[in-house]
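Structure first, commentary second.
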């Protein structure tokens, strides 16, 4: 039961915050605070503090302008403090993460009597690995790196290594002017330069590393231990959960999660369990591994040691694995006949994700073979780690230090192969949705290869087992969680417990008077691309006002480029096209033009339909080229559609239309970003008027004035 003490604390903090900011209480915001506090505060606990029951998740769709960040911070922080838990606030975008970290949480501390510590959690990839830095600043270690170049896809030739940058980094680290966090480096870092300096959980040797006490990543990890609130992102949370939970972040059973921009969570989860492997590339890599491990044998001081004995057996295991991959190449030959004749026929998808028994049996053999190879390499890695405790045999401390990160890379590659072949060898449980499985012809000529891919079609079961069942409590919120005004699609994709608390908080914006929806009469349907593109060019040339801030959203890069080429010269002078520069630079240039009293015209794709915040005069016109239906040839979506149809459903009405509804709400949401904003939205797709589902899509939008 939510105690009176916590309830009063939340209410008082809300009053104090509003008074300090000069704001008035919002009905929707109060409902959101109450719903979250009631859901989390009423969670029953056992004698050991463990959660009892299933009613521990609140799903809240909060329209733009409702103040959802303040709502969930106000309602969750007192509860985690009272129960001795951690609060993890997870976002999908860096922009929101920075807003929470640098604006919302400091403001809450300043204007309320709340007392809490917070920090930012990042993956290892954002931090410098001191071992890697030293290896590039020392000639002796560099030779080892060159020797193993074939095992590292991110390898750089010696003359590509930016030694000047690395020396500058080393100097600033020694002088205490930099903490090893990429985001805190003042200069520009090329992706290749940075990638060579980072590590992952496989390569990192943790306490066995000579630089452990000074490691930037583990120093940052120390802050997580004492923080009450941890700001993270969905990828990092999912990575932690995939390792069992508690490996990077706090233990799920001792954590309340808030997933802001929560509509991204199901797709992010699917991405974590999607695997791809190229066959010929695998063979080449295994052969390179076989050659390179000879160097390790030569560095051993005792060949009869455990590592020496394993290294004698590995060549046979590698050859066995290569043989199985070659058998797979032969087995899939019938499926790749006819592929590659054009760009539209380079993929074969297995219906319902079902592959032939022969291929599945080969996949099982490959799973076993890769797992055996993985265990052999892992045993050698363990022996290297024992050297630090003076327990390893046949390996010098210097050799162990050089080889540990290399073995970590090898294990990471083997682990990815195991996961793919495990997915291909499994017979899907008919109780749950199947896995999608497909193959794609990649490359040309001598570089041609076949890539096998596999993925769950829904993340619901995985999220249920790894997140919802394990966590103490959770809040999922976003401006777009419903599709066609219902939570059904999100529930199907996310697997949130049926007993969850649901709430829709309507945006306080005056859509009817501030926003106008225009659906002009068009002759061509978007599936007639050439005619539709010509019509778009004419419409934009006739209707775009040169002195305003305008955004045009496309579903196709080709159409975007063709329309751009057809614009009249005075509009081309205002044009900023996504992809020509970074997103931040383009948006800054757009704002600069508006600030200077000029007009600006942005052309963008899907990523500009979400997360772009251009309030006031920066954006008063939004043009949407067509209904944003999903790409029809995606193998995961196609398998999902098959599965729904097999169960007697209608995939177009159950998936395609709801997803398009959600994307359309996101796209139109670029217009009104504050209560004083106003402008027009033009959707140039006649199907909104001519198809039955067009009325459903319009009805799912905010109540704009229509003309």
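Numbering (the UniProt record's numbering), first residue to last: 1 to 707. Here a beta-carbon is modelled for each residue, glycine too, at the ideal position from N, C-alpha and C. As the structure is a prediction and not an experimental result, all values here were calculated from the model.
Practice item. Please work out which residues of its chain come closer than 8 Å, Cβ to Cβ, to residue 159, disregarding the five sequence neighbours upstream and downstream, and give them in chain order. Key: Low confidence applies here, because residue 159 scores a pLDDT of 47, under 50, leaving its location unreliable and the question unanswered by this model.
Point to revise | Between the CA atoms of residue 491 and residue 35 - distance to the nearest angstrom | key: 18 Å
**Study point:** residue 449 vs residue 696 beta-carbon contact at 8 Å
**Key:** no
Check your understanding: Under the three-state reduction of DSSP, which class applies to residue 625: helix, strand or coil?
Key -> coil
Point to revise | Closest residue to residue 627 among 648, 553, 637 and 63 (Cα-Cα distance) | key: 553
Review point. In or out: residue 453 buried (at least 16 other Cβ within 10 Å) or exposed?
Key: buried
Practice item. Assess, as a yes-or-no matter, whether the stretch 71-83 is touched by the stretch 196-213 under the definition of 3 or more beta carbon pairs within less than 8 Å. Key: no
Practice item. Give me the Cα-Cα distance between residue 662 and residue 597, rounded to the nearest whole angstrom. Key: 34 Å
Practice item. Spatial neighbours of residue 154 within its chain, please: CB distance less than 8 Å, with the 5 preceding and 5 following residues excluded, ordered by chain position. Key: Confidence is the limiting factor: at residue 154 the pLDDT is only 44, short of 50, which leaves the residue's position unreliable and the question unanswerable from this model.
Exercise for review: Inspect the beta-carbon positions of residue 80 and residue 503 and report whether they are closer than 8 Å.
Suggested key: no
Exercise for review: Assign residue 515 to one of three DSSP states: helix, strand, or coil.
Suggested key: strand
Check your understanding: Quick one, which of 670, 275, 475 and 674 has its alpha-carbon nearest residue 682's?
Key -> 670
Point to revise | beta strand (DSSP E) segments (min. 3 residues) lying fully within the stretch 319-389 | key: 347-349
Review point. When the Cα atoms are used, what is the spatial distance from residue 293 to residue 206?
Key: 23 Å
Review point. What whole-angstrom Cβ distance do residue 248 and residue 474 have, given they're in contact under 8 Å?
Key: With a Cβ gap of about 18 Å, residue 248 and residue 474 do not count as contacting.
Review point. DSSP on residue 459, reduced to helix/strand/coil?
Key: coil
Point to revise | Which residues DSSP lists as bridging residue 181, in chain order | key: 127
Review point. Are the beta-carbon atoms belonging to residue 477 and residue 394 less than 8 Å from one another?
Key: no
Check your understanding: Alpha carbon to alpha carbon, what distance is there between residue 261 and residue 610?
Key -> 10 Å
Point to revise | residue 119 - partner residues in DSSP beta bridges | key: 230
Point to revise | Element boundaries [alpha helix (DSSP H), containing residue 50] | key: No alpha helix (DSSP H) contains residue 50, which DSSP labels as neither H nor E.
Exercise for review: Kindly give me the distance between the Cβ atoms of residue 667 and residue 698, rounded to whole angstroms, as I take these residues to be in contact under 8 Å.
Suggested key: Their Cβ separation, rounded to whole angstroms, is 13 Å, which puts residue 667 and residue 698 out of contact at 8 Å.
Check your understanding: Which term fits residue 234, buried or exposed, when burial requires 16 or more other beta carbons within 10 angstroms of its beta carbon?
Key -> buried
Exercise for review: With a threshold of 16 other CB atoms inside 10 Å of the CB of residue 465, please say whether the residue is buried or exposed.
Suggested key: exposed
**Study point:** residue 318 at chain B interface by Cβ criterion, 8 Å
**Key:** The structure shown contains no chain B; it is built from a single protein chain.
Exercise for review: Look up residue 418 in the DSSP assignment and say whether it is helix, strand or coil.
Suggested key: helix
Review point. Do residue 231 and residue 118 come within 8 Å of each other at the CB atom, strictly closer than that value?
Key: yes
**Study point:** Alpha-carbon spacing of residue 543 relative to residue 25, whole angstroms
**Key:** 40 Å
Practice item. Name the residue from 493, 77, 272 and 399 whose alpha carbon lies nearest to the alpha carbon of residue 109. Key: 77
Check your understanding: Mind checking residue 330: buried by the 16 CB within 10 Å criterion, or exposed?
Key -> exposed
Check your understanding: By Cβ distance below 7 Å, which residues in the same chain neighbour residue 50 in space, the five residues on each side in sequence not counted?
Key -> 253
Point to revise | In chain order, each beta strand (DSSP E) run of at least 3 residues that lies wholly inside the stretch 477-528 | key: 501-505 and 515-518
Practice item. Check the C-beta distance from residue 86 over to residue 320 and give it rounded, since I have them as a contact under 8 Å. Key: Actually they are not in contact, since the Cβ atoms of residue 86 and residue 320 sit about 46 Å apart, beyond 8 Å.
Review point. Among 691, 665 and 181, which residue has its Cα nearest to the Cα of residue 653?
Key: 691
Exercise for review: Can you grab the Cα-Cα spacing for the pair residue 383 / residue 307, in whole Å?
Suggested key: 7 Å
**Study point:** residue 452 - partner residues in DSSP beta bridges
**Key:** 277 and 439
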